[in-house]
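Visitor: Residue numbers (our numbering): 736 to 1286.
By construction, the Cβ of each residue, glycine as well, lies at the ideal position given by its N, Cα and C atoms.
Shown below is the structure under consideration.
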Amino acid sequence: MADKTPPSITTFCDSILPLMQASADGQRIMEDVEVVVATDRWNSFDRFHETTQTLVDRYEAAGAKTEVYPVLSGGSIDTGRWIIQEVSDVHGATVDIISPVKKRLLDYKENPWHVIQWSSGTSKEGITCELVIIDSLEELEATPRGSLTGKIILMNMAPRGMLKKIDATGAIGVITDLLQPELEDATAWVKFGWGQIPRSEDPARLVGLVLSHSEGQRLRGLIRGQGTLTVHVTVDVRKYVGHHDVVSGLVPGSDDPQDEVWVLAHSAEPGAMDNASGVSICLEMARILEGLIADGKIKRPRRTIRFLNAYECYGFFHYMEHVKRLQMPLAGVCLDTLGAKPSVCDGRLTWRSTIPMSAGFVDRIGEYMLQATLALENPGYTLQTGPFVSTSDTLVGDPKYGFPCPWLSTHYRDEGVFDAYHSSGDTADEILSPEGLAACAVSMAGYLYYLADAGNEELMELATMETDRMVAILSGGVKNKMAGLAPTIGQTVRHGTDDQDASETPLSSNETGYLIDAHQTSIDQLKRWMWGGDRQEIMTHLDACETRVKT
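Here it is in structure tokens:
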């Protein structure tokens, strides 16, 4: 980073971060990943509750406190809230060719990725039906209404967004062999909708199943050779009014435990990297912090660190809205899709900024911690930074209702994302690096602990850091990388390679005004870190920082 490192961060990285690095155990994180995947991979809410108990047990074994907050299904969705209308338990699914040959096509108990999320079920006896191929939207739209009644469609497209069209044909459901790029044998993770079947697709209620692309190609070859195929489909799904869980692991603060720093790491997805990795790194950070506190090597932080694991926004946003607290969290981080082998992510460890209108000083703190961690032990990563990207969870950074929240990930490659994204290829042994997981745990434990324990000295240093940075940007007068005005895209700047600014376009008056406002937002947020001492001295320093930027 071009900015001068605040002395308190330098001291922290020299004295405390190595203790955290020595306490981290990447193989232990891998074991957590395997245990979380063992229940989340079934993509079934009854199994998600088993994951809840696993997390509670492991947080408590680490010395952390725990809370479980149940979120009931259902409710009005016309207010913009994230609502799961019904929870769904999947108990089994099979498809068998019964004529003109006999062959089992899929079995959920052997591969849970075979069932599309929010699929409807069949009767206990199942349904016998003809398999019909439709591989284009044009062909689907041209299919006469009701002409496929009682049949099931095989397609190579993602059915989400075309459910009403499928339903209009009269088909009982769909089997997709959607191609997973570079992994033809992997079964794609397919959903009819994110938290439910979208209202735009009502009243479609369909059976939904998935084959790998290679399985689908073999099936198509069989159809070409045999003609019409008759299959027997049995899907055991129960949809009902129930709840999903928000699990909190807590490292309580010593002085003001109601003041909190948060970590968002969603559970309830079937992949190892996406996102058993983030959940498991939370467990490891709890072990690192509580272990060092118990050993007397670090003091308990002034404020509480809360690790939150839930069904993405459906859990996190409901929790923020409905659980009473004296004030919003000070800051946080989103941990989603972490710890990839360097060969899987092209060595990219990506640090994405908090949402632009929030307090951006957290971006710099995280970057310092990441650089220092990689200097201690590098698993083969190159640190990169980039502008804000919405993972949905990172929308929590909106200052109207949330807190500054960057995102750490190994999701991106040099081009695109990791090959096994949202597929059965996302397994721990193929995708994850114990050393990479440990590096993520150490850097973020440092980031969280520094923020949770910061006092007046750190507050003033951070205000100076942000002010020096903004004065340099405004004095330069150009829209370069440092200004943070790049468009929000997937790819990032690779540190240590071509780190030159791609643009020297002059700042417009609106952009200048925005940057001044951004600095003001950081200063206002930093005021929340005031901790005793001479309040007038601190406010005088912050006022001087504001004046430097505005003049």
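I need the DSSP call for Y1185, collapsed to helix, strand or coil.
Guide: helix
Visitor: What separation, rounded to the nearest whole angstrom, lies between the Cα atoms of N1245 and Q1255?
Guide: 15 Å
Visitor: Per DSSP, which one or two residues make a beta bridge with L1118?
Guide: DSSP, once it has assigned bridges, lists L1084 as partnering L1118.
Visitor: Report all residues from its chain with a CB closer than 6 Å to the CB of L1065; omit the five preceding and five following residues, and keep chain order.
Guide: V996, R1263
Visitor: Compute the beta-carbon to beta-carbon distance between D1128 and H1001, rounded to the nearest angstrom, for a pair I have assumed lies under 8 Å.
Guide: 6 Å
Visitor: Inspect the beta-carbon positions of A1021 and A799 and report whether they are closer than 8 Å.
Guide: Against a cut-off of 8 Å, the Cβ pair of A799 and A1021 comes out as a contact.
Visitor: Using three-state DSSP, classify V968 as helix, strand or coil.
Guide: strand
Visitor: With DSSP collapsed to three states, give me the class of N1191.
Guide: helix
Visitor: Take G1151 as the anchor and find which of A1279, E917, A1029, I901 has the nearest alpha-carbon.
Guide: Looking at A1279, E917, A1029, I901, the one whose alpha-carbon comes closest to that of G1151 is E917.
Visitor: Using only alpha-carbon positions, find the residue among G761, I851, T1126 that is nearest to L1143.
Guide: Taking only the C-alpha atoms, the option nearest L1143 is T1126.
Visitor: What would DSSP say about S1093, mapped onto helix, strand or coil?
Guide: coil
Visitor: In this structure, how does DSSP classify D1233 when only helix, strand and coil are distinguished?
Guide: Here the model assigns D1233 a pLDDT of 41, short of 50, so the residue's position is not dependable, and the following value carries that caveat. Looking at D1233 - three-state DSSP - the assignment turns out to be coil, as it is neither helix nor strand.
Visitor: State the CB to CB distance for the pair G943 and I887, rounded to an integer number of angstroms; the pair is presumed to be in contact (CB under 8 Å).
Guide: At roughly 10 Å, the Cβ-Cβ gap does not stay under 8 Å, so G943 and I887 are not in contact.
Visitor: Taking only three categories from DSSP, how would you classify N1124?
Guide: Before going further, note that residue 1124 is Val rather than Asn in the sequence given. Under the three-state reduction of DSSP output, V1124 falls in the coil class, being neither helix nor strand.
Visitor: Put N1010 into one of helix, strand or coil per three-state DSSP.
Guide: DSSP places N1010 in strand when its eight states are reduced to three.
Visitor: In this structure, does DSSP put D1030 in helix, strand or coil?
Guide: coil
Visitor: Using a 10 Å radius around the Cβ and a threshold of 16 neighbouring Cβ atoms, would you call A1279 buried or exposed?
Guide: exposed
Visitor: Spatial neighbours of T878 within its chain, please: CB distance less than 6 Å, with the 5 preceding and 5 following residues excluded, ordered by chain position.
Guide: T904
Visitor: Could you compute how far the alpha carbon of T1282 sits from the alpha carbon of D1203?
Guide: As the crow flies, the alpha-carbon of T1282 is around 12 Å from that of D1203.
Visitor: Taking a contact to mean a Cβ-Cβ separation below 8 Å, would you say I744 touches Y1103 in this structure?
Guide: Cβ atoms of I744 and Y1103: closer than 8 Å.
Visitor: Could you check where the beta strand (DSSP E) with M890 kicks off and where it finishes?
Guide: Annotation: the continuous beta strand (DSSP E) that includes M890 extends over 887 to 890.
Visitor: How long is the line joining the alpha carbons of V1292 and L807, rounded to whole angstroms?
Guide: With the chain covering only 736 through 1286, there is no way to say anything about residue 1292.
Visitor: V1177 to D792, Cα distance in whole Å?
Guide: Cα-Cα distance, rounded: 22 Å.
Visitor: Identify whether H826 lies in helix, strand or coil by the three-state DSSP scheme.
Guide: strand
Visitor: Under a Cβ-count criterion, where at least 16 other Cβ atoms within 10 Å of its own Cβ denotes burial, should Q1260 be classed as buried or exposed?
Guide: buried
Visitor: Quick check for students: name the residue ranges of the alpha helix (DSSP H) that lie wholly in the segment 744 to 793, counting only runs of 4 or more.
Guide: 752 to 758, 761 to 775
Visitor: Determine which residues share a DSSP beta bridge with K838 and list them.
Guide: Answer by DSSP bridge pairing, in chain order: I832.
Visitor: Can you tell me the Cα-Cα spacing of Y1185 and G1171, whole angstroms?
Guide: 21 Å
Visitor: In three-state DSSP terms, what is E873?
Guide: helix
Visitor: Quick check on the DSSP output: the alpha helix (DSSP H) that includes A1166 runs from which residue to which?
Guide: Note that residue 1166 corresponds to Ile in the displayed sequence, not to Ala. It spans 1163 to 1166 - the alpha helix (DSSP H) in which I1166 sits, taken as one unbroken run.
Visitor: Can you say whether A938 is buried or exposed, counting buried as having 16 or more other CB atoms within 10 angstroms of its CB?
Guide: It is Pro, not Ala, that sits at residue 938 in the sequence shown. It counts as exposed.
Visitor: Who pairs with I910 in a beta bridge, going by DSSP?
Guide: Its beta-bridge partners are L889, L944.
Visitor: Cβ of P987 within 7 Å of any heavy atom in the ligand SAH?
Guide: Looking for the ligand SAH in the displayed structure turns up nothing, as the structure carries no ligands at all.
Visitor: Does DSSP put T1039 in a helix, in a strand, or in coil?
Guide: Correct three-state label for T1039: strand.
Visitor: What is the rounded straight-line gap between the Cα of M1205 and the Cα of I1251?
Guide: Take the alpha-carbon of M1205 and the one of I1251: they are about 8 Å apart.
Visitor: Name the two residues that bound the continuous alpha helix (DSSP H) containing Q1255.
Guide: 1244 to 1261
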